[in-house]
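*Asks:* Sending over a structure as structure tokens; questions will come in a sec.
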Amino acid sequence: MRRLHPTVSFAALGTLALLYLPLLAVVVFSVNASRHGFVWRGFTLGWYAKLLQDEYVLELTRNTLVLAFVSTAIATVLGTLLALGMQRFPWPKPARFAMELVLQLPVVTPDIVFAAAMVVMFGLLRLAWSIFTPGLLTMIIGHVTFQTAFVALVVRGRLALLGPTLDEAGRDLYADRLFLFRTITLPLLLPGVVAGALLAFTLSLDDFVISFFTAGPTSTTLPIYIYASVRRGVSPEIHALSTLIVLVTVFLVLSVERATRYRKE
Amino acid sequence: MRRATATALAAALLAALVGCSRPSSEQGKVLNVYMWSEYIDPQIPEDFESQTGIKVRVDVYESTEDMMAKLQHGGAGQYDMVVVSDHAVPVLAKLGLLEPLDMGRIPNAANVDPRFKSPGYDPDNKYSLPYQWGTVGLMYRKDRIPEFDPSWAVLFAPDKQAGPFVLIDSMRDMLGVALKYLGHSANSVSLEEIRRAGELVLAAKKSPQAVGFEGGVGGKNKVLSKAAALAIVYNGDALRAIEEDDQIAFVVPKEGSIVWVDAMVVTKGAANPGAAHQFINFILDPGIGGQLSNFNQYATPNLAAMPFIDEAARNDPAVYPPAEVFSKLEYLEDVGDATKLYDEIWTGVKSQ
Amino acid sequence: MTRIVVWYGQLISRPQLYRRGLLLVCSGFAWLTLFLAVPLAILLVIAFASRSAYGEVEWTFTLENFRRMLGFGALGWSSNTLRILLRSAWVGFVTTLISLLLAYPLAFFIAARPPRTRYLGLTLVIIPFCTNLVIRSYAWMLLLSPELPFAQLAQWLGLVPHFGALYPSAAAVYIGMVSTALPFTVLPIYTNVERLDWSIVEAARDLYASPWRVFFQAVLPQTLPGLSVAIILTFVPAMGMFVIPDLLGGAKYWLVGNLIQQQFGASRDWPFGAALSFGLMLLTFVGIFLLRRWRAEGELV
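Residue numbers (our numbering), protein chains in the order written: chain A, 30 to 294; chain B, 4 to 355; chain C, 779 to 1079.
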């Protein structure tokens, strides 16, 4: 297509390298047969084997997955409803402004302030009702709060793309609202919803800051565990664990790509 | 149709996952313990479980301040037994986070060395029983620093800095060490003395040779992996490292240092205080006490366990310091209102 | 008289329409209000409270925390906290700048590929963004450690002491920040670059403009919308980061995120942490406000 100045291409490739070099390093060291330090001592899959036998890690994986599934489910429902409500109704300017503001809050607030606010609020709620001790519930609440905004964002984008024409055509043919929604809107919306859900799932899986502040002793997740290990001194099992997590993330991202790409054109 | 199947599948998967996580919440059979990392032989909780049928979960922390933050804000009820530093016991008691010990359920308490019975930080052992004790000192690599004047100056005096070093990420320990170097008490409540100690630590941190702050275990691992040549650690961490690499050595500098006792406490609101008491009793058993100290290379406060300790460890001055070293060691105490001063100066040190 | 409107092909009265809409959005907004807006408000209240000797929150209201933020601590005035706040803004600024410099070539590179490969290119950019921040940060710790070639090169050049690593240092923090922020920067710019009106660029070239002028006057203005989004998405998170300065900066290079984290953790000083949080929010809003002003001015031109 367009010819690019070689410096531009070089810079671009260099930047891509910058993005992938660290991940590559982790993968390489996950198969390095050396306990401490970074001298190459031979290829081994031993660390992966050790990892899979570690009961604690398996429990953490379960925590991380449960958290991700539950929070994604709730956030997808809330986010989709929000998107539908915001996009498809003729709200007056001030109402629209207020809604946009509230929806922007999770994006504009730095992670740590968000987490701090949650900690403070749960601290107060705990005085009233002890169910709010740091644990799975508080983590789910934290995750859903930031996931909802992202899901709403994605679904709104999709809704904007769809526009009112199909609905109007359907109505011209005397379809009632429920039928319209089920047969036309929902299937067309689905790729957006799925993309939003997958995005929310990935965000939850990889979240660290919110989880760190809202976790309890029995609900530690993998990212928190990795952070604590890094502070103590990284071990090759952590490299193996990280490589696996990266692979899962790659798989999920590729799935999102397929889900959105398919119907877009 | 496809959607319905997909939703059903997802629901089933979810139910399975949630169902799987149920068993661990059976409260009666689980004991939640919170202690320093790498502090207990993994065999010990297993032995406890096979004896009593109670599963032990060990959660770890890297600094006293982190532990206190966690307990203060919702964590106390989630752990049954916690191993805390001596100076933290009165603070936690004042905050109402500790349950007095029921000595009737801990017959092995009689095994404790009289030196550690009814200590200053916990008169009459109302809330705690000792777990291990040890010292704070310097761990270094002989292959990087062959000649070494055993003084804290190797960290604080720019002309004496001999290699990359790691400071300890513990407010009282680090500031205490600096205070000792300056010739003051590690329990000083004088603003001037604490401030000077803080400035010293800050200058050390800013020097090009400083690698950063780590907990004892973190510092030990950095020296092991050759990322640093020196680290402030607790003596047991250093001794375990020496087992792995004989180029490593440990010393208590001549200006003096800190001696500490870690104590076992039961939290208020613990889900399983009975199991906590049982576990404390188990730890104080002579054989278990020996096993524990042989693993983590710390000194045991359990007199009855002494015969079970490796001979090499019993005679090692790094584990059981001789009298002349001991005279220069100081216990950390609760400094009351001055804690706020330490906190602020420590924040300053960490953040500048 | 209730007005009847036609909405999405349906004949309906306005109030009925609003009621339906409200039904849809109320769940989501209730959640967000309860678990986001309210906590932030509570945080603001706590910023005015005090801390007891042992780290509990005391409900004695005072401006002490804000004074501390401006530097007036128990040890007299120190510029420490202000420096950290300003350093955070500076780091955000530099990160954004470097990311932009790297993002443009990358965006053009991807746009220049045939359409099929473009998706691949975009996915390649997105993947690191979706990976765990902690993993990426400690991966940089690996790369910058003493035994690897990068650090050894720096040692040889005398930039670091012998046996030293390239972290903890300011440079390491910037590297980590940029590599984390890049995907956020590239994507918005790419959306604009893809739809670039090349006829303007060609016109500029026809008029014998130098490559720089072509870029700044034909290309850049067209990418302005994407650019402003990119700046917000890069600048805001960069200021509030704490994982990267923590792992790559050690205790040597703290940002306000680390300070806040310490207050909610080891220092057990929630009121001060809350005050700092609002200091950060303030910086964020100032940044966004300035950006909007700049963008508005640009649009007038």
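Backbone N, C-alpha and C define an ideal beta-carbon position, used for all residues, glycine too. Predicted, not measured: the structure shown is a model, and the values here were computed from it.
1. Counting only Cβ pairs nearer than 8 Å, list the residues of chain A close to B/Lys225.
2. Tell me B/Ser260's beta-bridge partners as DSSP assigns them.
3. Roughly how many angstroms separate the alpha carbons of A/Thr278 and C/Pro893, rounded to a whole number?
4. Pair every Cβ in the segment 151-169 of chain A with every Cβ in the segment 234-249 of chain A, then say whether three or more of these pairs are closer than 8 Å.
5. Among B/Lys163, B/Phe51, B/Glu52, B/Val169, which residue has its Cα nearest to the Cα of B/Leu227?
6. Strictly by DSSP, which residues pair up with B/Val61?
7. Could you name the residues that DSSP lists as bridge partners for B/Met84?
8. Count the other CB atoms, across all protein chains shown, that sit within 10 Å of the CB of C/Gln1041; report buried if there are 16 or more and exposed otherwise.
9. Please confirm whether C/Met1017 and C/Ser915 have their CB atoms less than 9 Å apart.
10. Where do the N-terminal and C-terminal ends of the beta strand (DSSP E) with B/Gly215 fall, by residue?
11. Please list, in chain order, all residues of the same chain as A/Gln116 whose beta carbon is under 7 Å from its beta carbon, the five residues on each side excluded.
12. Only counting the same chain, and skipping five residues up and downstream in sequence, which positions put a Cβ closer than 6 Å to that of B/Glu196?
13. With 16 other CB atoms within 10 Å as the buried threshold, where does C/Leu855 fall?
14. Assuming C/Gly806 and A/Gly171 form a contact by the criterion Cβ under 8 Å, report the distance between their Cβ atoms to the nearest whole angstrom.
15. Just mark C/Ser988 as buried or exposed, buried being the case when its beta carbon has 16 or more other beta carbons within 10 Å.
16. Note down, in chain order, each residue of its chain lying with its Cβ closer than 8 Å to the Cβ of B/Lys353, except the 5 sequence neighbours on either side.
17. Looking only at its own chain, which residues have a Cβ that is under 7 Å from the Cβ of C/Leu922, when we skip the five neighbours before and after it?
18. At the level of alpha carbons, what is the spacing between B/Asp50 and C/Thr958?
19. Can you tell me the Cβ-Cβ gap for C/Ile782 and C/Trp1048, rounded? I've got them flagged as a contact below 8 Å.
20. Would you list the residues sitting across from B/Tyr237 in a DSSP beta bridge?
21. If contact is defined by three or more beta carbon pairs under 8 Å, each pair taking one atom from either stretch, is the segment 123-142 of chain B in contact with the segment 87-104 of chain B?
22. Could you say which of B/Leu287, B/Phe311, B/Gly140 lies nearest to B/Met267 if we only look at CA atoms?
23. Considering Cα atoms alone, identify which of A/Leu47, A/Leu74, A/Leu48, A/Ala46 is closest to A/Phe58.
24. Taking A/Ile160 as part of the beta strand (DSSP E), name the residues at either end of that continuous run.
25. Does any residue of chain C bring its CB to less than 9 Å from the CB of B/Val208?
26. Please name the residue, chosen from B/Arg144, B/Ala96, B/Ile57, B/Gly351, that lies closest to B/Ala3 on a Cα-to-Cα basis.
27. Can you tell me where the alpha helix (DSSP H) holding A/Leu134 begins and where it ends?
28. Rounding to the nearest angstrom, what Cα-Cα distance links B/Thr342 and A/Trp69 in this structure?
29. If you measure from the beta carbon of B/Asn35 to each beta carbon in chain A, is any gap under 9 Å?
30. Using only the alpha-carbon positions, how far apart do B/Ser154 and B/Val322 sit?
31. With a cut-off of 8 Å on the beta carbons, I'd call A/Phe175 and A/Ile239 a contact; round off their distance for me.
32. Could you check whether the Cβ of C/Ala986 sits closer than 9 Å to any Cβ belonging to chain A?
33. Between the segment 197-208 of chain B and the segment 173-182 of chain B, can you find at least three pairs of beta-carbon atoms closer than 8 Å?
34. Smallest Cα separation from B/Val220: which of B/Asn35, B/Ser40, B/Ile57, B/Val33?
35. Buried or exposed: which applies to A/Ile141, given that a residue is buried once 16 or more other Cβ atoms fall within 10 Å of its Cβ?
36. C/Gln788 by DSSP, collapsed to three states: which one?
*Replies:* The structure says:
1. The CB of B/Lys225 comes closer than 8 Å to the CB of Gly262 in chain A, given here in chain order.
2. BP columns for B/Ser260 point to B/Leu332.
3. Cα to Cα, A/Thr278 sits roughly 24 Å from C/Pro893.
4. Result yes; three or more Cβ-Cβ pairs closer than 8 Å.
5. Nearest C-alpha to B/Leu227: B/Val169.
6. B/Val36, per the DSSP bridge assignment.
7. Partner(s): B/Val36, B/Val269.
8. Flag for C/Gln1041 reads buried.
9. It is not a contact, given that the beta carbons lie outside the stated cut-off.
10. Unbroken beta strand (DSSP E) run through B/Gly215: 213-217.
11. Within the same chain, Arg185, Leu188, Ala189 come within 7 Å of A/Gln116 by CB-CB distance, once the 5 residues on both sides are set aside.
12. His187, listed in sequence order.
13. The sequence given here places Trp at residue 855 of chain C; Leu does not occur at that position. Exposed, because fewer than 16 other Cβ atoms sit within 10 Å of the Cβ of C/Trp855.
14. Contact annotation, C/Gly806 with A/Gly171: C-beta distance approximately 16 Å; criterion of less than 8 Å not satisfied.
15. Its Cβ having fewer than 16 others within 10 Å, C/Ser988 is exposed.
16. Same-chain partners within the cutoff: Phe216.
17. Closer than 7 Å at Cβ, skipping near neighbours: Phe928, Ala929, Ala943, Leu944, Tyr945, Ala950.
18. So the alpha carbons of these two residues sit roughly 46 Å apart.
19. Actually they are not in contact, since the Cβ atoms of C/Ile782 and C/Trp1048 sit about 54 Å apart, beyond 8 Å.
20. According to DSSP, B/Tyr237 bridges with B/Val139.
21. Contact between the segment 87-104 of chain B and the segment 123-142 of chain B is present, because at least three Cβ pairs lie under 8 Å.
22. When only C-alpha atoms are compared, the closest one is B/Leu287.
23. Selected option, being the one with the closest Cα: A/Leu74.
24. No beta strand (DSSP E) contains A/Ile160, which DSSP labels as neither H nor E.
25. Sequence check: residue 208 of chain B is Lys here, not Val. For B/Lys208, the answer is yes, since a Cβ of chain C falls inside 9 Å of its Cβ.
26. Absent from the structure is residue 3 of chain B, since the part of chain B shown begins at 4 and ends at 355.
27. For A/Leu134, the uninterrupted alpha helix (DSSP H) run begins and ends at 122-137, by DSSP.
28. Per the coordinates, the alpha-carbon of B/Thr342 lies some 47 Å from the alpha-carbon of A/Trp69.
29. Cβ-Cβ to chain A under 9 Å: yes for B/Asn35.
30. Taking the straight line from one Cα to the other gives about 19 Å.
31. Confirmed, Cβ separation roughly 7 Å.
32. Note that residue 986 of chain C is Tyr in the sequence shown, not Ala. C/Tyr986 is outside the set of residues whose beta carbon lies under 9 Å from a beta carbon in chain A.
33. Yes: at least three Cβ pairs fall under 8 Å.
34. Among B/Asn35, B/Ser40, B/Ile57, B/Val33, the Cα nearest to that of B/Val220 belongs to B/Ser40.
35. Here A/Ile141 is buried. Its C-beta has 16 or more other C-beta atoms within 10 Å.
36. The answer is strand: DSSP assigns C/Gln788 an E or B state.
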